[in-house]
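In the numbering used here, the protein residues as written are 2 to 392.
Heads up: the structure comes next, in structure tokens.
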Amino acid sequence: MKLIQKNTAITGAAFLMATSAIGPGFLTQTTVFTQKLLASFGFVILISILLDIIAQVNIWRILSITGKRAQDIANEMIPGLGYGLAALILAGGIAFNIGNIGGCGLGIEVLTGLPNVYGAIISCMMALFIFWMKEAGRIMDSFTKILGIIMVLLTLYVAISSQPPVADALHRSFIPLTIDAKAIVTLVGGTVGGYICFAGGHRLLDAGYKGLDAIPAVTKSAITGICVTAIMRIVLFLAVLGVVSAGHVLDTGNPSASVFKIAAGEMGYRFFGVVMWCAAITSVVGAAYTSVSFLRSFHPWIEKNYRWIITAFILLSGIIYVLIGNPVKVLVTVGALNGLILPVALAVMLLIIGRKKIAGYTHPVWLTISGWLVVTVMTYMSVLTIKGWLG
2 MKLIQKNTAI TGAAFLMATS AIGPGFLTQT TVFTQKLLAS FGFVILISIL LDIIAQVNIW
62 RILSITGKRA QDIANEMIPG LGYGLAALIL AGGIAFNIGN IGGCGLGIEV LTGLPNVYGA
122 IISCMMALFI FWMKEAGRIM DSFTKILGII MVLLTLYVAI SSQPPVADAL HRSFIPLTID
182 AKAIVTLVGG TVGGYICFAG GHRLLDAGYK GLDAIPAVTK SAITGICVTA IMRIVLFLAV
242 LGVVSAGHVL DTGNPSASVF KIAAGEMGYR FFGVVMWCAA ITSVVGAAYT SVSFLRSFHP
302 WIEKNYRWII TAFILLSGII YVLIGNPVKV LVTVGALNGL ILPVALAVML LIIGRKKIAG
362 YTHPVWLTIS GWLVVTVMTY MSVLTIKGWL G
């Protein structure tokens, strides 16, 4: 029984991270960038996967070997830095959860015809139900895993239906016609930026994966999470590429939905509703759990009442959505911050592990070097992206 629970935690952490990344923004970003770059977007995906794996394996291993959450490690490095990191993560989590809750409402609207607001409220109640169950951690692991698999399978059906030029996509993944730095920053930020890269790492800590013996399982879980996200990204990329390569024009109001409808008709449109809801509700769960995990070590009262704080987090996001809708400008701003948080957080982790002596453990040289390379590349690309936004 214990072995089953451990394996559930390992895969659950991977899927929690992956489904946190695969939200409404993930679907829209992938669709828009594929429409813009066509087959060359495959190169952006390939580069982002490599950067994602390096960043996530570094962060999860360091969390595990130190046995501490990211905010505590940051406070060790520079007193007060952990509080600042937690504030950024919490603000970003709330902003993105507003969009995630909106995505839940849209998914239910497509499936049932219910108004968006009602679908959003129902989804909030479902998320709260998960966190208030006695075995919340185990249920969250199973919930994200099942819905993650459903998303991939339904999108794969649409990708096959769209008949994409696979050979051209494979060719341009290695020899692109154009390289878009903004696209790379957006994809990496959307996959392991902000709170997302800590989602599974903090879940494994809560499940007891700490110390030297846990490193192999933690590394496996980190890579699995990125692979699940990559599979979904690639399948959606091929679905969109097949549709736009055939000369179809996507609906600018909801480009992802139009891909599913064009490729597979009315059934494809219903599939989009399922995929959107699965992507959004799992992201609501992931954002709430991870954002609040950045507060839990600050005071015993927070640790004792964290379920109530998660409840308040979800209700606040839901109320804001119901009252003012989806604040696009806020989401765009926080999306930019996601790409900037990653190099800062990863740099702090690498500095701590470089100076901290842990008996029996030496952080691999290749991970340290490649980790600093990711910090440098993401910082440089983020600067280029910000310059572009500033005109």
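All residues carry an ideal CB built from backbone N, CA and C; glycine is no exception.
Predicted, not measured: the structure shown is a model, and the values here were computed from it.
DSSP places Ser246 in the uninterrupted alpha helix (DSSP H) bounded by 216-246. Put simply, of Ala96, Ile23, Ile55, Pro177 the residue whose alpha carbon is nearest the alpha carbon of Leu38 is Pro177. With fewer than 16 other CB atoms across the displayed protein chains lying within 10 angstroms of its CB, His300 is exposed. In the DSSP assignment, Ile359 is bridged to Tyr362. DSSP, reduced to helix, strand and coil, places Asn101 within a helical segment of the structure shown.
Ala22 and Val275 have their C-alpha atoms some 17 Å from each other. Between Met141 and Leu17 a beta carbon distance of about 7 Å is seen, short of the 8 Å cut, so the two are scored as contacting. The DSSP-derived three-state label of Arg297 is coil.
The continuous alpha helix (DSSP H) containing Asn117 extends over residues 117-133. Taking a cut-off of 8 Å for Cβ pairs, the segment 285-295 and the segment 258-268 do not touch, as fewer than three such pairs fall below it. Rounded to the nearest whole angstrom, the C-alpha separation of Leu374 and Ser143 is 35 Å. Spatial neighbours of Ala10 in its own chain (CB-CB distance under 6 Å, excluding positions within 5 residues in sequence) are listed in chain order as Ala208.
Check the Cα spacing between Gly361 and each of Ile66, Gly13, Ser41: the tightest is with Ile66. Buried is the label assigned to Pro165, since at least 16 other Cβ atoms lie within 10 Å of its Cβ. Per the Cβ contact rule, the segment 143-156 is in contact with the segment 223-241 (3 or more Cβ pairs under 8 Å). A straight line joining the alpha-carbon of Leu206 with that of Ala168 spans about 42 Å. Membership of Leu178 in any alpha helix (DSSP H) is not indicated, and neither H nor E is assigned to it by DSSP.
In the three-state reduction of the DSSP assignment, Leu316 falls in the helix class. Around Ile359, the same chain offers Ile66 as residues with beta carbons nearer than 7 Å, after the five sequence neighbours per side are excluded. Distances from the CA of Pro217 to each of Gln36, His364, Gly43 were compared; the closest alpha carbon is that of His364.
Residue state for Arg139 is assigned as helix, using DSSP reduced to three classes. Rounded to the nearest angstrom, the gap between the Cα atoms of Ile310 and Ile303 is 8 Å. Here DSSP, grouped into helix, strand and coil, assigns Lys69 to coil.
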